[in-house]
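Peer 1:
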Amino acid sequence: MAPAVFNTDVAEYLGQAGSIPVRLRRTAVSTMSILPAPGTAPTGVPATAGAVRAGERTAAEYACALLDRAGGAAGLLAVDAESLRAAAAALDRRTDRFALPLAGVLVAVEEGISTTGRGDEPVRRLRGAGALVAGRARTAEFGIGPDGSPGGRATAAAVATGTVPLGIGVDGDGALRAAAAAHGLAALKPGRRVLPLPPGADRRWAGLAETTVVAAGPADLRAALDVLAAPARRAPAVTGGLPGATALGPAPAPAAAPAADGGEPVGSLACSLRTGRTRLADPAAAAAVHAAIRVLGTTAVRLLAADPPYRAVLPVHGARRRHAGLARRVEDLDLDPAGLPRTARSALRRGRRVRRLGGLRPATPASWRQRLVGWLDDAGAEAGLLPVTSGPTGAGTTGLAAWNLAGLPSLVAPVPTAGGPACVQLVGRPGSERRLLATAELLGGS
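Position 43 of the sequence shown, counted from 1, bears residue number 43 in the working numbering, the numbering being contiguous throughout.
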């Protein structure tokens with residue numbers, strides 16, 4: 001029988017009142033496995049870029065090291081060896097590489113973000129900062145896994161194995177952050193329009209999607225965020241046969257940029273074990289929250305017990321948008337539904353039914369966002385500390401996908417526990433991405 005977990009646990013750690021015990025259902029074990037790490041420990045993003053900028057290492061060395069072990073990553077990345085070698089050689093010839101913030105950093109780019117030619121805007125910004133596209137990370141077709149749940153991602157596995165130090169993808173339902181949490185990694189889904197999206201992603205996900213970054217720890221995410229969130233500027237021309245290596249013209253900045261908050265940790269956190277209106281975290285996720293509370297209890301961060309105002313209808317709102325987005329994608333691509341997998345056909349039927357019945361409610365995201373910001377206001381907290389649900393989204397669990405619907409920042413961050421690395425979720429107000437990263441660094445899980 002599953003062990004009893006009390007919703008008084010957080011309050012007990014904080015010396016605040018709790019209520020009644022609730023026995024949890026045991027959740028299914030995640031199918032995402034952690035692959036064995038390569039012989040050489042991966043180098044972080046700042047260290048890699050610093051070594052290339054200083055001339056201590058070359059981009060070609062990092063590219064060759066990746067290609068040497070590319071066979072073990074064949075199921076994770078589709079690597080274009082010729083393009084990677086050309087890009088690395090072109091970078092090593094650049095006289096301005098000492099000024100490139102991501103010089104020589106290998107990045108796995110998820111399928112759905114174009115890397116051909118100049119690539120989509122996220123890829124252009126990474127390349128302009130000196131990053132090398134290591135390969136395309138494989139993901140489930142239509143974002144639907146074999147069991148009908150949102151599909152897992154190879155992006156997180158590529159980072160976890162040390163194949164690359166950085167990965168980017170599109171997170172529309174929490175699946176990419178759940179994959180990162182299953183591997184003990186950090187993943188940042190920023191607020192609405194903080195990072196540029198690939199063309200069509202917003203339409204395909206009906207407003208749920210955000211460009212999301214995966215790395216080993218918060219410091220790596222911060223380096224990527226500084227590049228991806230910055231207004232695009234004209235990059236110096238690159239020579240040497242790199243595909244799409246012409247000078248980048250000015251591009252429009254995102255509709256909103258992170259606040260210039262200086263990257264200070266938040267002063268207060270609202271802590272909870274809830275993953276839905278009537279659900280509490282499984283024992284492993286609850287232990288991670290407790291571990292984070294113990295660590296943060298030794299800092300200046302004020303900890304408060306307050307449950308998010310989850311509603312039972314939230315998973316329905318998220319599912320309606322996913323299904324409607326799938327229907328749009330099938331329509332845009334003019335696909336024959338008969339050729340789709342069974343789970344995709346089922347989702348397609350639901351999406352078409354949503355559209356026949358009047359479509360999506362445009363006020364739902366704003367209403368939910370106001371409700372969550374009101375939760376933080378009522379608790380007197382600047383951000384929230386919540387468990388990570390590593391299994392499929394849906395089925396009454398809203399802990400990750402809710403923040404896509406609200407368009408608010410959500411950071412999955414590692415924290416050391418007795419059983420090994422685990423992850424918690426830090427959520428915040430609009431523009432709080434850098435403050436969440438600074439708070440995650442206090443956890444010491446990277």
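We put the beta carbon where it would ideally sit given N, CA and C, even for glycine.
Since this is a predicted model, take the numbers as computed values, not measurements.
Here's the rule I'm using: 16 or more other beta-carbon atoms within 10 Å means buried, otherwise exposed. How should G297 be labelled?
Peer 2: Exposed, since its Cβ has fewer than 16 Cβ neighbours within 10 Å.
Peer 1: How long is the line joining the alpha carbons of L195 and P409, rounded to whole angstroms?
Peer 2: Distance between the alpha carbons of L195 and P409 is about 11 Å.
Peer 1: Going by C-alpha to C-alpha distance, which of A292, L385, T275 sits closest to G399?
Peer 2: Closest option to G399, Cα to Cα, is T275.
Peer 1: I'd like the list of long-range same chain contacts for H323, defined as Cβ closer than 7 Å, with 5 residues on each side in sequence excluded.
Peer 2: Excluding positions up to five away in sequence, the list reads A347, R350, G351, V354.
Peer 1: Rounded to whole angstroms, what is the Cα-Cα separation between G200 and I168?
Peer 2: Between G200 and I168, the C-alpha separation is close to 17 Å.
Peer 1: Hey, how far is the Cα of L225 from the Cα of A215?
Peer 2: Taking the straight line from one Cα to the other gives about 11 Å.
Peer 1: With C-beta atoms as the reference, is A60 less than 8 Å away from A103?
Peer 2: No.
Peer 1: Given 8 Å as the limit, is there contact between the region 334 to 346 and the region 361 to 379, that is, 3 or more CB pairs closer than that?
Peer 2: Touching, no, given that fewer than three Cβ pairs across the two stretches are closer than 8 Å.
Peer 1: Taking all protein chains shown into account, do 16 or more other C-beta atoms lie within 10 angstroms of the C-beta of E264, making it buried, or fewer, making it exposed?
Peer 2: Per the 10 Å Cβ criterion, exposed.
Peer 1: Please report the residue range of the beta strand (DSSP E) in which I168 lies.
Peer 2: Segment 166 to 171, the beta strand (DSSP E) holding I168.
Peer 1: For R153, does the three-state DSSP call read helix, strand or coil?
Peer 2: It is a strand residue.
Peer 1: With distances taken between CB atoms, is the gap from L100 to G119 smaller than 8 Å?
Peer 2: In this structure, G119 does not lie closer than 8 Å to L100 by Cβ.
Peer 1: If you count every other CB in all the chains shown that lies within 10 Å of the CB of L132, and 16 or more means buried, which is it?
Peer 2: Under this definition L132 is a buried residue.
Peer 1: Is it buried or exposed, S432, if we count other Cβ atoms within 10 angstroms and call 16 or more buried?
Peer 2: Buried, since its Cβ has 16 or more Cβ neighbours within 10 Å.
Peer 1: Mapping DSSP to helix, strand and coil, what is V227?
Peer 2: V227: helix per DSSP, three-state reduction.
Peer 1: Please confirm if E82 has its CB atom under 8 Å from at least one CB of chain B.
Peer 2: No chain B is part of this structure, which consists of one protein chain only.
Peer 1: Assign S466 to buried or exposed, taking buried as 16 or more other Cβ atoms, counted over all protein chains shown, within 10 Å of its Cβ.
Peer 2: Outside the modelled stretch of the chain, which goes from 1 to 446, sits residue 466, for which no answer is possible.
Peer 1: For L188, count neighbouring Cβ atoms within 10 angstroms of its own Cβ and tell me buried if that reaches 16, exposed if not.
Peer 2: Burial call: buried.
Peer 1: Measuring only the C-alpha atoms, how far is E121 from R193?
Peer 2: Roughly 13 Å separates the two Cα atoms.
Peer 1: Taking its Cβ as the centre, do 16 or more other Cβ atoms sit within 10 Å of R93, making it buried, or is it exposed?
Peer 2: It is exposed - the Cβ of R93 has fewer than 16 other Cβ atoms within 10 Å.
Peer 1: In this structure, does DSSP put E210 in helix, strand or coil?
Peer 2: Three-state DSSP puts E210 in a strand.
Peer 1: Given that a residue counts as buried once 16 or more other Cβ atoms are within 10 Å of its Cβ, and exposed if not, what is E331?
Peer 2: Exposed, because fewer than 16 other Cβ atoms sit within 10 Å of the Cβ of E331.
Peer 1: Thinking C-alpha only, which one of A381, H183, G128 is nearest T155?
Peer 2: Minimum Cα distance to T155 is reached at H183.
Peer 1: Compare the Cα-Cα distances from P315 to each of P365, T211, V266, R435 and report the closest residue.
Peer 2: Selected option, being the one with the closest Cα: P365.
Peer 1: Consult DSSP for S432 and reduce its assignment to one of helix, strand or coil.
Peer 2: Of the three classes helix, strand and coil, the one that applies to S432 here is coil, per DSSP.
Peer 1: Near F98, what residues of its chain come up, given a Cβ to Cβ distance below 6 Å and the 5 sequence neighbours on each side ignored?
Peer 2: Only R53 meet the Cβ criterion.
Peer 1: Which class does R124 belong to by DSSP, given the choice of helix, strand or coil?
Peer 2: Three-state result, R124: helix.
Peer 1: So, is D334 buried or exposed, given that buried needs 16 or more other C-beta atoms within 10 angstroms?
Peer 2: Exposed.
Peer 1: For A108 versus G128, is the C-beta distance shorter than 8 Å?
Peer 2: Their beta carbons are not under 8 Å apart, which means A108 does not touch G128 by this criterion.
Peer 1: Enumerate in chain order the residues of its own chain whose CB-to-CB distance from R329 is below 6 Å, with the five nearest sequence positions on each side excluded.
Peer 2: The answer, listed in chain order, is R204.
Peer 1: Between the alpha carbons of A51 and A381, how many angstroms are there, rounded?
Peer 2: Roughly 40 Å separates the two Cα atoms.
Peer 1: Output the distance between the C-alpha atoms of A440 and E56, rounded to the nearest integer angstrom.
Peer 2: Cα-Cα distance, rounded: 30 Å.
Peer 1: What does the alpha-carbon distance come out to for the pair L436 and D173?
Peer 2: L436 and D173: Cα-Cα distance of roughly 20 Å.
Peer 1: Opposite V52 in the DSSP bridges: which residues?
Peer 2: Paired residue(s): none; V52 is not in a bridge.
Peer 1: Using only the alpha-carbon positions, how far apart do L208 and V170 sit?
Peer 2: Distance between the alpha carbons of L208 and V170 is about 10 Å.
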